[in-house]
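**Q** Yeah, the sequence shown ends on 754 if you go by our numbering, and it's all consecutive. Think of the CB as a built atom: it goes at the ideal place given N, C-alpha and C, for glycine as much as any other residue. Next up is a structure, given as structure tokens.
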Amino acid sequence: MNIGDQKINDFLDVLASNEPVPGGGVSSGLLTAFATSLGNMVIAYTEGKKKYAEHQPLHEDCGKFLRAARIESLGLAAADAESYAALNTLWKLDKNDPKRIEQWDHAVEEATNVPIRTMKLCNSVLTTLETMIGKTNKMLVSDLVTASILARSSAEIAAVTARINIPLLQDQVLKSELFDKVSTLEGTCRTLARNIEESCGAV
């Protein structure tokens, strides 16, 4: 599924249908893309202004990262659709079907790892947005906050997706590790988003 090439209304029509994909995981990836784009908009409205000239290297670094993160987020959205579609196909098979037995664990791990990767990307996006506070156009602090809310929401949705899939794994140790990883990432993303909102209110 090439998310980036779809028209918005076409995507929303499929999202609202009874098709297995796209779903929450794909929506999470798109929210991250929105966050990165808003972050770049803040930079675009800042570049060239003498007041922020000393922060130009930071703007360039953040802009470069956010552009790459946008591409990565759309890739993760597509990967989520693919991993869930594969899992859904196996789900429809009898539990004793050789194909399901052979491929099940791998399919579950893939469907779990993608949202965790999305959470890690959200963490990096939020960290980048935080560095921009006070060093970008003050007129766009609301957009910076909005970007952080989108990234935090994406992380929270990805956490829900991961937590639904983790219990399907057979390895108890891996289950525990993944639950801990998801909780840590979710907590970090929430803290970063809260810090950004509070800091922007003081700018």
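Can K589 and N674 be called in contact, C-beta distance under 9 Å?
**A** Reading the sequence as shown, one finds Leu at residue 589 and not Lys. Contact flag unset, no.
**Q** Have a look at L582 and P649 and give me their C-alpha separation to the nearest angstrom.
**A** Answer to the nearest angstrom: the Cα atoms are 38 Å apart.
**Q** Does the separation of the CB atoms of A637 and A604 fall below 9 Å?
**A** No, Cβ-Cβ distance for A637 and A604 is not below 9 Å.
**Q** Let me make sure I understand the geometry here. Which of F616, S634, A586 has the alpha-carbon closest to that of G574?
**A** Checked all of F616, S634, A586; the closest Cα to G574 is S634.
**Q** Which of the three DSSP states is assigned to E598 in this structure?
**A** Correct three-state label for E598: coil.
**Q** By how many angstroms is the C-alpha of D645 removed from the C-alpha of F616?
**A** Approximately 45 Å between the Cα atoms of the pair.
**Q** Going by CA-CA distance only, name the one from S624, W642, I717, L736 that's closest to A586.
**A** Comparing Cα-Cα distances from A586 to each of S624, W642, I717, L736, the minimum goes to S624.
**Q** Less than 8 Å between the CB atoms is what I'm expecting for E748 and S699, so what's the real figure, rounded?
**A** Their Cβ separation, rounded to whole angstroms, is 7 Å, which keeps E748 and S699 in contact under 8 Å.
**Q** Under the assumption that I708 contacts S578 (Cβ atoms under 8 Å), give the Cβ distance between them as a whole number of angstroms.
**A** Indeed they touch by this definition, with Cβ atoms about 6 Å apart.
**Q** For the alpha helix (DSSP H) containing Q557, name the first residue and the last one.
**A** Unbroken run through Q557: none, as it is neither H nor E.
**Q** Let's see if you can read the secondary structure: which residues bound the alpha helix (DSSP H) around N639?
**A** It spans 607-642 - the alpha helix (DSSP H) in which N639 sits, taken as one unbroken run.
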